[in-house]
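Residue numbers (our numbering), protein chains in the order written: chain A, 28 to 182; chain B, 28 to 182; chain C, 28 to 182; chain D, 28 to 182; chain E, 28 to 182; chain F, 28 to 182.
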């Protein structure tokens with residue numbers, strides 16, 4: 028059973044945000060932890076710089092996951108970071124319908140992810156990995172790929 | 028019907044915080060979006076720098092609004108930013124009673140907003156727009172206006 | 028009656044997060060407020076830089092405390108900061124079991140706090156104040172104390 | 028005599044960066060100061076959140092200006108902020124050649140600023156103020172304006 | 028021989044900024060290092076959150092000191108942090124003339140530091156330590172002390 | 028001819044810091060640019076969140092490289108970011124002597140990089156990539172690898 032959200036527009040009220048404050052962990056471990064959390068199924072993971080007691084620069088780790096992922100996330104946080112406590116609270120997510128369009132550029136195809144609100148396209152985002160692949164393959168600036176994708180959409 | 032909070036001290040349990048993570052939007056659009064959200068009735072809108080996957084500097088957009096404003100806020104977020112999802116959760120706000128006092132400076136009047144806790148003044152803040160107006164009109168440093176307001180309060 | 032959390036592993040669902048946005052307070056007051064909040068029993072207090080309206084760099088103050096501390100925290104926030112409103116919401120905290128180990132270094136003893144998940148040690152952190160005390164007493168780098176503690180643990 | 032940089036590609040070695048650390052100024056004054064510095068001819072002004080002594084969240088104000096503007100910038104900084112010292116050092120700026128192109132969208136014209144390196148276009152940026160004007164005039168999302176500008180460039 | 032700057036307005040061209048990027052040090056050590064650097068005579072020390080390679084949240088440590096302090100600062104940085112390199116460059120500081128005024132409040136005296144540009148007062152800052160002392164002694168909000176100092180200055 | 032710094036302790040006065048302010052580039056491009064700059068020989072590249080005009084959250088890109096790399100860095104910055112100008116200034120770097128030690132853990136060997144000041148070891152850092160490799164190979168927490176390396180050094 029997958030925990031991936033469906034592609035149609037919906038409200039998801041089975042989401043949890045977990046948070047951890049960290050002031051005694053080196054930054055290089057945090058780069059590693061982010062990858063582990065994504066691999067284990069986190070919907071998003073991000074860090075915020077915070078000011079903690081005793082003049083300590085710290086990091087607030089936040090992650091979003093579905094209810095059934097909370098335990099595995101906690102386990103990773105406890106084993107891979109230096110925290111003694113993990114806090115969390117529920118939230119609701121309104122997700123747009125997602126459809127995928129293929130756009131041809133002179134260097135190759137790029138997928139464009141579209142987001143629909145009430146059936147109307149409000150978002151269009153060229154897939155980063157596609158653009159990056161073409162930029163590296165043809166040794167041209169990444170932004171030229173994006174520029175051409177914008178030009179070709181809906182033509 | 029206005030969604031403005033009343034001026035007496037109260038607990039408001041009809042407030043919602045909305046959040047969006049953004050890693051594919053230029054900063055100049057975000058300056059614009061903030062204005063739109065305020066104009067549509069957000070109580071507050073603010074950005075936090077965050078560290079996202081793949082070495083991306085991102086922005087966490089947070090906004091506070093009353094329950095009945097959630098739909099219009101979502102619509103703006105979906106139409107004006109690049110997000111495919113908006114998350115939110117309820118919270119309670121304890122607001123002080125607010126009263127307004129007029130203070131005379133040598134350059135003109137300034138309104139001072141006071142906040143009362145259990146009927147006692149605990150906050151006093153000169154209105155920024157008043158002070159700015161006088162500073163520009165008389166071509167003097169903004170802080171001199173504030174300094175004189177502090178001197179004249181309650182005299 | 029103490030509000031300190033117990034030392035065994037547990038879920039605490041009596042915790043509250045309070046938040047305040049501040050754009051009209053000097054930084055030097057915020058250093059002072061943090062101390063007051065800790066002294067009054069906050070479990071944690073931390074600041075995040077935020078971007079507020081009208082190009083204002085602001086601070087998001089967040090604090091964690093148990094339900095019964097909410098009123099005293101609010102009072103401090105209203106009296107010592109410049110806010111007219113405090114917002115808050117409940118959350119759950121999963122806390123590890125905590126045990127303390129004494130480790131001998133060549134400069135003196137250091138307490139190591141251990142965190143246990145399901146009875147197994149997953150965290151070990153030398154107490155900062157112990158290490159700092161020895162570093163200052165013997166005039167050696169703080170990190171040398173930590174390095175030796177790591178060497179001596181479990182030997 | 029204007030201090031504006033010319034439009035052709037060049038190295039400018041008459042630039043100065045000024046810096047000020049601020050821990051006792053409210054954020055709302057800083058929004059005001061930024062405007063004043065730009066009006067007085069600063070090439071750029073920006074703020075960075077910093078951690079200062081005694082647990083103070085502070086702001087590092089940085090500004091770039093030409094040598095002949097240093098005195099007026101210092102004067103504004105001393106009069107409008109709370110600093111007792113301003114530090115500065117010279118730097119070199121490599122600026123691209125700039126040309127302006129007009130692009131027609133269905134809602135009206137938008138200027139696109141191009142940057143040229145060795146005579147070849149490497150940058151293209153739709154002018155924000157033009158796009159904002161059209162977005163407000165026609166009540167459509169700002170990003171739709173940008174999207175169409177990208178589509179029409181060089182057609 | 029003291030390295031303290033004199034109290035009259037002057038340009039100091041014997042100042043150095045040192046910088047270190049840190050991605051493998053816990054935040055709690057950084058709180059300690061800041062104190063050591065100030066004790067050894069740094070004019071200022073501050074931290075900035077930075078985004079480093081491999082998704083690492085890092086810290087940029089910056090410090091200002093006079094030329095003759097560079098070696099002792101380097102030594103502390105190498106011994107107390109985890110860096111393998113320290114970078115630095117000279118800068119000029121324009122410092123205001125400083126004079127001290129005594130202001131009487133109902134709770135006791137507070138020193139106000141004034142900054143003079145061309146002999147005219149442009150800065151006035153109540154000394155934080157004085158205000159903090161009175162706030163704690165009389166158990167009143169810190170901001171009430173400041174408010175009264177502003178009221179009494181120049182009366 | 029390599030531009031890598033030598034392994035003995037030395038002062039390097041052929042270093043340049045380049046800086047760019049960015050307010051119209053999506054974060055996902057910045058993750059890509061950082062990699063390109065490192066591949067082209069930058070000694071370090073890092074981002075700082077900044078507050079720019081018109082309420083724009085922006086990014087300050089900073090990079091360090093040797094004098095002979097300045098042109099290639101500029102070219103990448105102009106082609107891959109959205110800037111119209113790059114600023115730079117020289118600085119000096121004091122680098123420690125570097126030696127490498129092999130440490131055996133129960134999961135395999137880890138290289139430890141040591142930094143020497145005046146011939147004495149002041150830094151010891153387990154190589155992140157070695158630790159990460161072992162953590163993934165044996166499916167154990169990264170921090171356990173580090174902990175054992177600390178235990179085995181110099182035994």
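Glycine included, each C-beta is placed from N, C-alpha and C at the ideal position. Predicted model, so just to flag it, every value in this text is computed and none were measured.
Here the segment 122-136 of chain A makes no contact with the segment 42-58 of chain A; the two share fewer than three CB pairs at distances below 8 angstroms. Between the alpha carbons of residue 54(E) and residue 54(A) lies a gap of roughly 9 angstroms. Within chain E, the residues whose beta carbon sits less than 9 angstroms from that of residue 80(B) are 82, listed in sequence order. Closer than 8 angstroms to the CB of residue 163(D) there is not a single CB belonging to chain F. The alpha-carbon of residue 170(F) is positioned some 35 angstroms away from that of residue 91(E).
Using a Cβ distance threshold of 8 angstroms, residue 137(A) and residue 176(A) count as a contacting pair. Flagged as an interface residue toward chain D: residue 150(E), by a C-beta distance shorter than 8 angstroms. Of all residues in the segment 105-116 of chain F, only 116 come within less than 8 angstroms of chain E when Cβ atoms are compared, listed by chain position. Assignment of residue 80(C) by DSSP, reduced to helix, strand and coil, places it in the coil class.
Per DSSP, the beta bridge partners of residue 114(F) are 120(D), 46(F). The beta carbons of residue 143(B) and residue 123(B) sit about 6 angstroms from each other, so the pair counts as a contact at 8 angstroms. Non-local C-beta neighbours of residue 121(D) in its own chain, meaning closer than 6 angstroms and more than five positions away in sequence, comprise 38, ordered along the chain. At least one CB of chain C lies nearer than 8 angstroms to the CB of residue 85(A). The criterion of a C-beta distance shorter than 8 angstroms is satisfied by residue 76(E) and residue 84(A). Judged by DSSP secondary structure, residue 142(C) falls within the beta strand (DSSP E) whose first and last residues are 135-144. Within the segment 125-144 of chain F, the residues whose Cβ lies closer than 7 angstroms to some Cβ of chain E are 125, 142, 144, listed in chain order.
Remark: C-beta atoms of residue 108(A) and residue 60(A) approach each other more closely than 8 angstroms. DSSP places residue 94(C) outside any alpha helix (DSSP H), giving it a letter other than H or E. CA-CA distance, residue 160(D) to residue 71(F), rounds to 40 angstroms.
Listed along the chain, the chain A residues whose CB falls inside 7 angstroms of the CB of residue 56(F) are 169, 170. Using a Cβ distance threshold of 8 angstroms, residue 49(E) and residue 86(E) count as a contacting pair. Excluding residues up to 5 positions away in sequence, 123, 142, 143 lie with their Cβ nearer than 8 angstroms to the Cβ of residue 149(F) in the same chain.
In this structure, the CA atom of residue 63(C) is about 26 angstroms from the CA atom of residue 73(B). Listed along the chain, the chain A residues whose CB falls inside 7 angstroms of the CB of residue 178(D) are 177, 178. DSSP places residue 67(D) outside any alpha helix (DSSP H), giving it a letter other than H or E.
Residues are counted here when their Cβ sits less than 8 angstroms from a Cβ of chain C; for the segment 86-104 of chain A these are 87, 101, 102, given in chain order. Closest in alpha carbon position to residue 168(F), among 181(A), 32(A), 57(A), is 57(A).
Residue contact check for residue 119(F) against chain D: no CB pair falls below 8 angstroms. Around the C-beta of residue 94(B), fewer than 16 other C-beta atoms lie within 10 Å, and the residue is accordingly described as exposed. Per DSSP, the continuous beta strand (DSSP E) segment holding residue 151(E) begins and ends at 147-153. Per the coordinates, the alpha-carbon of residue 164(B) lies some 45 angstroms from the alpha-carbon of residue 79(B). Residue 51(A) is classed as buried because its beta carbon has at least 16 other beta carbons within 10 Å across all chains shown. When rounded, the separation of the alpha-carbon atoms in residue 140(E) and residue 151(E) is 6 angstroms. Using beta-carbon distances, residue 155(C) counts as an interface residue toward chain E, with a partner under 8 angstroms. Residue 145(B) and residue 67(A) have their C-alpha atoms roughly 49 angstroms apart.
Rounded to the nearest whole angstrom, the C-alpha separation of residue 181(B) and residue 106(C) is 18 angstroms.
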